[in-house]
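Engineer:
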Amino acid sequence: MKRTLSPRASFVLGSLMAAVVLGAPASESNRELFEPPPVSNAALQYWQANHFLYHLDAAQKKVIEDFDTVPLDGPAAAVIAKRDDLILQYVRRGAHAKSCDWGIPLGEGPSALLPQLNWLRVLCDFQLLCARGELRNGNGQPAVEDILSAMALARNTGADNIGVEMRVAYALENHAIQIAASGLNHLKPASLQTLQSGLDQLPPGGSMKRAIRVEQYLAQRWTIQFIKSSPPKADAIIKTAGDTQEQIISNLEKLGPFYDQLEQLADAPIKEFDARFPVLLQQFKSNPASQLARLEQFSLLYKDHAATDVRRKMLRAAIEIIRHRPDSVKQTVDPGGNGPFTYRATADGFELRSELKDASGAAVTLVVGRQPETRPGK
Amino acid sequence: MNDPHQAPPSSEQLALEAQLRSMLPIDLSTDSQISIKSRLERRPTSFHHVQCVAAIAACALIAMSLPVFQHARNQQRVTRPIRSRYSSTLPIDVANDEKQFAIATYSNALAQSPASLNAILERQSRKAECDEVDDSQIPRTGDLSIATP
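Residue numbers (our numbering), protein chains in the order written: chain A, 12 to 389; chain B, 25 to 173.
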């Protein structure tokens, strides 16, 4: 006997089938597909790039150390050829990472090791040596990308707001600024535009204000905890900064206002800093703990910060001068002086000069169109 | 139970029975006689057991000669020497192996010359020096006044 479905049953069955067919795409669209997460920590990219530096011998590392003056033929060409694409990729990924955390165990106090500082210099200068090679060959765009990734690496070097890291970071950024300036007037407009927009997107790097608080932690809180937890080891500290444990702790705690006032000076113009910092030091000179905290060291950090800030502004001014006209220098503001940077045309390009003096006592200068005879700040 | 139709035992028979009783530690009563008799009657059954066991053994021997069992036995013949060979060299105790290797190395070196032993010891001390981490060239958080590159 042939069995047939009733109209009502057919309707129900058909509705169910339609729901299954129509529901399938809906469930597919609701399914969460895997998306690779963006690179969050630049430090991990740089550590991986560092792994591929192992094939450089001592002579090749010396060539990289002289990245700004070494002739590009001969040994330097061989070193440039050794830059693996992997290194390039890791450094560029690090440049676009959201943040940078070197994972420094600050709880270990002033003796916490910063091993990355030694090889970051090699990695940064390697990029810059390669950038020089690209500039010489007329490859403006790859050269700009190398320079920007070296600048980002420099900024990320100081991302932990540790004073010594930030000083190394400023030095590396100055290396990159000088290599950029040396080939700036040979870049095509498109590459200049890439450089200009790339400067706006660089990571922020370390903050002076936060660095002051990190140094305060190391000099005050960590040292006080150390004295309390390890009295026998703290004997040497007590001898230099006080007669008794209680006295040295009290002296260290009295340094608090120094850091508060120093934080206010972090963003001050160089002239204001130069005027107020010695007075501030004098106020706390009578405190025996001031020698332990080595308060005068902040002058080095501030001056490196100020000189780098001036060179950053000089590079932007130099791009404007090349893109528009030399007169545009009049619109610049020299943070080290009262007016614009000083412009001087040279046989190869031009120079910009600030009234600010660097650590060596020389006026901060940006040489455009050639390599300067001495490295900035040396 | 006694058979009522059976003739009574003669005096000789009774005397023989008494003698047997004194000689044997078992009770040769009528029941016992039946028991012994039944045991004797069951003897052919036990014999069948032996036959069965022999038959099963024969079947087993025949079965072992079948190809499937031959293959298993051949496999056993092949794998057993391999297992024994590797079991003697497996690094079950690596530390012990290293110790044995070091003893062998030193022994060989001594057999050659004291100079070769010295060379080995010198190499080892140099390796130990390399193993020590030198962190004197690594910057630290407290080095704010470091010379920058």
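For each residue, glycine too, the CB sits at the ideal point set by N, CA and C.
Being a predicted model, the structure only gives us computed values, none of them experimental.
What whole-angstrom Cβ distance do A/I235 and A/I173 have, given they're in contact under 8 Å?
Structural biologist: The Cβ separation is near 19 Å, so there is no contact.
Engineer: For A/H186, count the other beta carbons within 10 Å of its own beta carbon; 16 or more makes it buried, fewer makes it exposed. Which is it?
Structural biologist: It counts as buried.
Engineer: Taking A/D157 and A/A142 to be in contact with their CB atoms under 8 Å, please state how far apart those CB atoms are, rounded to whole angstroms.
Structural biologist: Correct: roughly 4 Å between the Cβ atoms.
Engineer: Where do the ends of the alpha helix (DSSP H) carrying A/R323 lie?
Structural biologist: Note, A/R323: alpha helix (DSSP H), F309 to R334.
Engineer: Which residues in chain A sit within 9 Å of B/D159, going by Cβ to Cβ distance?
Structural biologist: By Cβ distance, chain A contributes L124 and P126.
Engineer: Taking its Cβ as the centre, do 16 or more other Cβ atoms sit within 10 Å of A/L363, making it buried, or is it exposed?
Structural biologist: It is buried - the Cβ of A/L363 has at least 16 other Cβ atoms within 10 Å.
Engineer: Going by DSSP in three states, A/V10 sits in which element: helix, strand or coil?
Structural biologist: Residue numbering for chain A in the displayed model covers 12 to 389; residue 10 of chain A lies beyond these limits and cannot be assessed.
Engineer: How would you label B/D117, buried or exposed, when you count the other beta carbons within 10 angstroms and need 16 or more for buried?
Structural biologist: Confidence in B/D117 is poor, its pLDDT being 44 and thus under 50, which makes the residue's placement unreliable; the coordinate value appears in the next sentence. Under this definition B/D117 is an exposed residue.
Engineer: Just to confirm my understanding: we take A/G105, look at its own chain, exclude 5 residues before and 5 after, and list those with CB closer than 6 Å. What are they?
Structural biologist: These residues qualify, in order along the chain: A53, Q56 and Y57.
Engineer: Tell me which same chain residues have a C-beta within less than 8 Å of the C-beta of B/I106, skipping the five on either side of it?
Structural biologist: Interpretation of B/I106 is limited by its pLDDT of 37, a score under 50 that renders its predicted location unreliable; no figure is taken from the coordinates.
Engineer: Kindly list the residues whose CB is nearer than 6 Å to the CB of B/T113, restricted to its own chain and excluding five residues on each side of it in sequence; keep chain order.
Structural biologist: Confidence is the limiting factor: at B/T113 the pLDDT is only 39, short of 50, which leaves the residue's position unreliable and the question unanswerable from this model.
Engineer: So what's A/S110 in DSSP terms, helix, strand or just coil?
Structural biologist: Of the three classes helix, strand and coil, the one that applies to A/S110 here is strand, per DSSP.
Engineer: Measuring alpha carbon to alpha carbon, tell me which residue in A/Y313, A/A300, A/A170 and A/G169 is nearest A/N262.
Structural biologist: Nearest C-alpha to A/N262: A/A300.
Engineer: Going straight from the alpha carbon of B/P79 to that of B/A87, what length do you get?
Structural biologist: Looking at the sequence itself, residue 79 of chain B is Ala, so the reference to Pro does not match. Roughly 12 Å separates the two Cα atoms.
Engineer: Output the distance between the C-alpha atoms of B/R164 and A/Q227, rounded to the nearest integer angstrom.
Structural biologist: Going from the Cα of B/R164 to the Cα of A/Q227 covers about 16 Å.
Engineer: For a quick check, are the C-beta atoms of A/M162 and A/G217 less than 8 Å apart?
Structural biologist: No; because the gap between Cβ atoms is not below 8 Å, this pair is not in contact.
Engineer: Hey, quick one: how far does the beta strand (DSSP E) through A/S365 stretch, first residue to last?
Structural biologist: That run of the beta strand (DSSP E) goes F361 to K368.
Engineer: How is A/Y228 classed by DSSP in three states: helix, strand or coil?
Structural biologist: A/Y228: helix per DSSP, three-state reduction.
Engineer: From which residue to which residue does the beta strand (DSSP E) around A/Y354 run?
Structural biologist: Unbroken beta strand (DSSP E) run through A/Y354: T353 to A356.
Engineer: Return the residue from the list A/L128, A/G267, A/V155 and A/P153 that minimises the CA-CA distance to B/D159.
Structural biologist: Nearest of A/L128, A/G267, A/V155 and A/P153 to B/D159, Cα basis: A/L128.
Engineer: Taking all protein chains shown into account, decide if A/K239 is buried (16 or more other Cβ within 10 angstroms of its Cβ) or exposed.
Structural biologist: The residue is exposed, with fewer than 16 neighbouring Cβ atoms inside 10 Å.
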